[in-house]
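Enquirer: What follows is a structure written as structure tokens; I'll ask about it next.
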Amino acid sequence: MLRIAVLGAGRIGRIHSTNVAAHPNAKLIAIADPVAAAVDPLAEALGAEAMNDPIAAIDRDDVDAIVIGTPSDNHADLLLHAVAKGKAVMCEKPIDAGMERSQAVVDDVKAKGGKVMMAFNRRFETSFAAIRKAIEAGEIGEVRQVIISSRDPGLPPEDYVKSSGGIFRDMTIHDLDMARFMLGEEPVEVSATASRIVDEALTAKYDDYDTVMVTLKTASGKQCHINNCREAVYGYDQRVEVFGATGMLQHDNLRPTTVRRWTADITEAQEPLLNFFLQRYAQAYASELDAFITALVEGKPLPTSVEDGLKALALAEAAIESVRTGQTVRL
Numbered sequence: 003m004l005r006i007a008v009l010g011a012g013r014i015g016r017i018h019s020t021n022v023a024a025h026p027n028a029k030l031i032a033i034a035d036p037v038a039a040a041v042d043p044l045a046e047a048l049g050a051e052a053m054n055d056p057i058a059a060i061d062r063d064d065v066d067a068i069v070i071g072t073p074s075d076n077h078a079d080l081l082l083h084a085v086a087k088g089k090a091v092m093c094e095k096p097i098d099a100g101m102e103r104s105q106a107v108v109d110d111v112k113a114k115g116g117k118v119m120m121a122f123n124r125r126f127e128t129s130f131a132a133i134r135k136a137i138e139a140g141e142i143g144e145v146r147q148v149i150i151s152s153r154d155p156g157l158p159p160e161d162y163v164k165s166s167g168g169i170f171r172d173m174t175i176h177d178l179d180m181a182r183f184m185l186g187e188e189p190v191e192v193s194a195t196a197s198r199i200v201d202e203a204l205t206a207k208y209d210d211y212d213t214v215m216v217t218l219k220t221a222s223g224k225q226c227h228i229n230n231c232r233e234a235v236y237g238y239d240q241r242v243e244v245f246g247a248t249g250m251l252q253h254d255n256l257r258p259t260t261v262r263r264w265t266a267d268i269t270e271a272q273e274p275l276l277n278f279f280l281q282r283y284a285q286a287y288a289s290e291l292d293a294f295i296t297a298l299v300e301g302k303p304l305p306t307s308v309e310d311g312l313k314a315l316a317l318a319e320a321a322i323e324s325v326r327t328g329q330t331v332r333l
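Residues 3 to 333 (this note's numbering) are what the sequence shown spells out, left to right.
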């Protein structure tokens, strides 16, 4: 039975806490968040202790592992403290908003032999995982192109935009990791463009963007195109296409049902898309946590690492540099 403390009682913290509490091989010991109004009712509902100091939660003798779902700007400090205390860690992306600090974290984790899993939940989504297995099985031959569309249903709250590190580090980074996952090779060229067209005042205030495109190229010539936007009025748009030498794989959006309707007024009408990432990736979050717990309980390697977080962030930083200079960035 793995004893776990979850840091953060916001959107991500709530789903991680719920999944820990429901897991047969884990016990949710504590949830820590400085905001009492967020953590108190959640901890009470899940039978855990509410705490306001994340460091104190890490230091507990009755905690074996930590799940970090706090704002991005304190991931690195909490991760390093947990590793120093000998605790296994599952941490949301990014490691940190900057490459220098992220590299230092990776170096420290390696030096201490820390067990850290970066929470790239989309790798654990059933259909995305099935696509990767099909690629590995050679079903479509050598991969040539990957196309990823990822659009949110609406802008996040300003407090999130303020501390997220920007669209490339908090949103596109998922798709950059997915690109690595599907291509099977590391990109060596990054080209990006970005716009402020959903809410120019908000994104400009924090030197951020709300609509971006990224193109990646590997040393062998494989390509990936990523589309991101903070607002899709029709719902949470999540699609992947992988084109290979002998075929193609696609994964379309999810809906509450697959029912289609025909009437005198409409043709092939369907229910709206699932409208939020917590709905769309509920299964992926649960499978991700299960992979973390199972690896620790069985003494197996963690399925993702801090190096995966560093490589995804390096691609995000290259995309930011490409937007700044208008040039392709070579890695």
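C-beta: ideal position from N, C-alpha, C; glycine also.
#1: Identify which residue in 36, 47 and 34 has its Cα closest to the Cα of residue 24.
#2: Name the residue from 261, 11, 229 and 154 whose alpha carbon lies nearest to the alpha carbon of residue 41.
#3: Taking the CB atoms as reference points, tell me whether residue 64 and residue 31 lie closer together than 8 Å.
#4: Among 227, 27 and 156, whose alpha-carbon lies nearest the alpha-carbon of residue 276?
#5: Might you give, ordered along the chain, the residues of its own chain that have their beta carbon closer than 8 Å to the beta carbon of residue 143, omitting 5 neighbours on each side?
#6: State whether the segment 146–161 contacts the segment 290–297, with contact taken as three or more CB pairs (one from each stretch) at a distance under 8 Å.
#7: So, with DSSP's three-state summary, where would you put residue 245?
#8: Could you spell out where the beta strand (DSSP E) holding residue 31 opens and where it closes?
#9: How long is the line joining the alpha carbons of residue 162 and residue 99, rounded to whole angstroms?
#10: For residue 5, which residues does DSSP report across the bridge?
#11: Taking the straight line between their C-alpha atoms, what separation do you get for residue 244 and residue 182?
#12: May I have the straight-line CA-CA distance separating residue 93 from residue 83, to the nearest angstrom?
#13: Taking the alpha carbon of residue 89 as the point to measure from, which residue in 195, 115 and 13 has its own alpha carbon closest?
#14: Pull up the DSSP beta-bridge partners for residue 271, would you.
#15: Quick check on the burial criterion: 16 or more other C-beta atoms within 10 angstroms. Buried or exposed for residue 236?
#16: What ranges does the beta strand (DSSP E) occupy inside the segment 59–110, keeping only unbroken runs of at least 3 residues that lie completely in it?
#17: Note the first and the last residue of the continuous beta strand (DSSP E) segment covering residue 196.
Expert: The structure says:
#1: As a working note, residue 24 is residue 22 in the sequence shown. Cα-wise, what sits closest to residue 24 is 47.
#2: For the purposes of this step, residue 41 is taken as the residue at position 39 of the sequence shown. Answer by Cα proximity: 11.
#3: Here residue 64 corresponds to residue number 62 of the sequence shown, with the count starting at 1. Here residue 31 corresponds to residue number 29 of the sequence shown, with the count starting at 1. Yes; because the gap between Cβ atoms is below 8 Å, this pair is in contact.
#4: To locate residue 276, count along the sequence shown from 1; it is residue 274. The residue from 227, 27 and 156 with its alpha-carbon nearest to that of residue 276 is 156.
#5: On the sequence shown, position 141 is the one that residue 143 refers to. Closer than 8 Å at Cβ, skipping near neighbours: 246, 247, 248 and 249.
#6: No: the two stretches stay apart, fewer than three of their Cβ pairs being nearer than 8 Å.
#7: Against the sequence shown, residue 245 aligns to sequence position 243. It is a strand residue.
#8: For the purposes of this step, residue 31 is identified with residue 29 of the sequence shown, where counting begins at 1. Counting along the chain, the beta strand (DSSP E) containing residue 31 begins and ends at 28–34.
#9: Position 160 of the sequence shown, counted from the first residue, corresponds to residue 162. Position 97 of the sequence shown, counted from the first residue, corresponds to residue 99. When the Cα atoms are used, residue 162 and residue 99 turn out to be separated by approximately 14 Å.
#10: One-based indexing of the sequence shown puts residue 5 at position 3. Per DSSP, 29.
#11: Here the question's residue 244 lines up with position 242 in the sequence shown. Here the question's residue 182 lines up with position 180 in the sequence shown. Near 12 Å, if we compare the C-alpha coordinates of residue 182 and residue 244.
#12: As a first step, residue 93 must be located in the sequence shown, where it is residue number 91. As a first step, residue 83 must be located in the sequence shown, where it is residue number 81. Distance between residue 93 and residue 83, taken at the CA atoms: about 12 Å.
#13: Within the sequence shown, numbered from 1, the residue matching residue 89 stands at position 87. When each option's Cα is compared against that of residue 89, the closest is 115.
#14: The residue labelled residue 271 in the question sits at position 269 within the sequence shown. For residue 271, which the question treats as bridged, DSSP gives the partners 263.
#15: As a position in the sequence shown, residue 236 is number 234, starting the count at 1. With fewer than 16 other CB atoms across the displayed protein chains lying within 10 angstroms of its CB, residue 236 is exposed.
#16: Listed in chain order, the beta strand (DSSP E) runs fully inside the segment 59–110 are 67–70 and 90–93, counting runs of at least 3 residues.
#17: Here residue 196 is taken as the residue at index 194 of the sequence shown, counted from 1. Element bounds for residue 196: 189–197.
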